[in-house]
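S.K.: Numbered according to mature numbering (1 follows the signal peptide of the UniProt record, and there is no 0), the sequence shown spans residues -24 to -1, 1 to 211. Virtual Cβ for every residue (Gly too), placed ideally from N, Cα, C. Quick caveat, the model's predicted, so the values are computed rather than measured. First the structure, which I've put down as structure tokens, then a few questions once you've had a look.
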Amino acid sequence: MIDKFVYCTLTIFLSLSLIPQTTATEFALTVEVPPGKFQCFFQSIDNPKHKFIEIDYQVIDGGDLNINFMTVIGAEILIQEVSKREGNHKIQIKSLGEYQLCFDNTFSYQSRKVVFFELFLLDENGDMSEEELSRMNQNDPIMKKQIEQLGMHVEQFRSSFEKIKQALNKVEYHQALLRAYESRDRAIMGANLNRVNLWSTINTVVIAFVGCLQVFMIKSLFNENSKLGRLLRKT
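Here it is in structure tokens:
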């Protein structure tokens, strides 16, 4: 019973210890790109263990919900998309340095664009490296002592932690996507509501004007002194 309690305590402790380290390679931002503007965001990659960079973006508000997108390192354009609503890309990191994520709204003269994007820095397997887990074991005396009491090693927890990490990443990723989709759907509904209200108002004004004009013309037909009435009677 005591061993089970220690195991559960250790599992929770290690899981909480892993969370801040895993989220350090995951970034999410919601940005506003003004009309006629070109904005870039920089991500420095200087750790050789990072082998892939995954980018997910979508336009959630503004205009026709489209934007131009580029990923650049140095003078090399890795990805270039024109007038897209959303995109998902996984890029192999061939060289370390400053990666630029650029959103181009220069084609729009009036509409600003609100863009949600996420960036993930991944190793070959998309998991935390064994080196980091070993370093946690060496630097944390409490964790090391609890592991020794159980007669286990950090490697025995590795598979469990990887599953927890992947599950947390998936939950966070899907929650962020759902929030972005909800924001975009809300923006679309708001734009449709404004469009419906505008045309409904125009139709109401036109119908009222035509009704008044018809009443005026009918009255003119029965008015002997009306120039319009005489003109209508001649026709």
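Straight-line CA distance for residue 105 to residue 25?
M.R.: Working through the sequence shown from its first residue, we reach residue 105 at position 129. Working through the sequence shown from its first residue, we reach residue 25 at position 49. Residue confidence is low: residue 105 scores 46 on pLDDT, short of 50, so the model does not pin down where it sits. No coordinate-derived value is stated.
S.K.: Along the beta strand (DSSP E) that carries residue 59, what are the first and last residues, could you check?
M.R.: Indexing the sequence shown from 1 puts residue 59 at position 83. Where residue 59 is concerned, the enclosing beta strand (DSSP E) stretches over 52 to 60.
S.K.: Return yes when the C-beta of residue 204 is under 8 Å from any heavy atom of the ligand SAM, and no when it is not.
M.R.: Ligands in the displayed structure: none, and consequently the ligand SAM is not present.
S.K.: Can you tell me whether residue 187 is helix, strand or coil according to DSSP?
M.R.: Stepping through the sequence shown from its first residue, residue 187 is reached at position 211. Three-state DSSP puts residue 187 in a helix.
S.K.: Exposed or buried, residue 52, counting other C-beta atoms within 10 Å across all chains shown (16 or more means buried)?
M.R.: Position 76 of the sequence shown, counted from the first residue, corresponds to residue 52. Looking at its Cβ environment, which holds fewer than 16 other Cβ atoms inside 10 Å, residue 52 is exposed.
S.K.: Please look up how many angstroms separate the CB atoms of residue 31 and residue 65, rounded, as I've assumed it's under 8 Å.
M.R.: What you label residue 31 is simply residue 55 of the sequence shown in a count that begins at 1. What you label residue 65 is simply residue 89 of the sequence shown in a count that begins at 1. Sure, about 5 Å apart at Cβ, within 8 Å.
S.K.: In this structure, what does DSSP give as the bridge partners for residue 142?
M.R.: Mapped onto the sequence shown, residue 142 falls at position 166. Residue 142 pairs with nothing; no bridge assigned.
S.K.: Among all the DSSP beta bridges, which residues are the ones paired with residue 89?
M.R.: Locating residue 89 in the sequence shown gives position 113, where the first residue counts as 1. According to DSSP, which records beta bridges pairwise, residue 89 is partnered with 9.
S.K.: Please report the straight-line C-alpha distance between residue 87 and residue 57, rounded to a whole angstrom.
M.R.: Along the sequence shown, one-based indexing puts residue 87 at 111. Along the sequence shown, one-based indexing puts residue 57 at 81. The alpha-carbon atoms of residue 87 and residue 57 are separated by roughly 19 Å.
S.K.: Along the chain, where does the beta strand (DSSP E) containing residue 20 start, and where does it finish?
M.R.: Here residue 20 is taken as the residue at index 44 of the sequence shown, counted from 1. 14 to 21 is the span of the beta strand (DSSP E), which, as asked, contains residue 20.
S.K.: Is it right to say residue 190 is buried, meaning 16 or more other beta carbons lie within 10 angstroms of its own, or is it exposed?
M.R.: What you label residue 190 is simply residue 214 of the sequence shown in a count that begins at 1. So residue 190 counts as exposed.
S.K.: Let me confirm a value: residue 34 is counted as buried when at least 16 other C-beta atoms fall within 10 Å, else exposed. Which label applies?
M.R.: In the sequence shown, the residue the question calls residue 34 occupies position 58. Per the 10 Å Cβ criterion, buried.
S.K.: On the criterion of 16 or more Cβ atoms from any shown chain inside 10 Å, does residue 156 qualify as buried, or is it exposed?
M.R.: The sequence position of residue 156 within the sequence shown is 180, counting from 1. Buried, because 16 or more other Cβ atoms sit within 10 Å of the Cβ of residue 156.
S.K.: Determine, using beta-carbon pairs with one atom in the region 11 to 19 and one in the region 71 to 87, whether at least three such pairs fall under 8 Å.
M.R.: Yes, they touch.
S.K.: Ends of the beta strand (DSSP E) at residue 77?
M.R.: Your numbering for residue 77 matches position 101 in the sequence shown. Run containing residue 77: 73 to 80, per the beta strand (DSSP E) assignment.
S.K.: So what does residue 44 bridge to, in DSSP terms?
M.R.: As a first step, residue 44 is located in the sequence shown; it is residue number 68 there, counting from the start. Bridge partners of residue 44: 80.
S.K.: Just reading off the beta strand (DSSP E) that residue 100 is part of, what are its end residues?
M.R.: Counting from 1 along the sequence shown, the entry for residue 100 is found at position 124. Where residue 100 is concerned, there is no enclosing beta strand (DSSP E), given that its DSSP letter is neither H nor E.
S.K.: Just how far apart, CA to CA, sit residue 192 and residue 200?
M.R.: On the sequence shown, position 216 is the one that residue 192 refers to. On the sequence shown, position 224 is the one that residue 200 refers to. So the alpha carbons of these two residues sit roughly 14 Å apart.
S.K.: So, is residue 160 buried or exposed, given that buried needs 16 or more other C-beta atoms within 10 angstroms?
M.R.: For this step, residue 160 is matched to residue 184 along the sequence shown. Classification of residue 160: buried, given that the 10 Å Cβ count is 16 or more.
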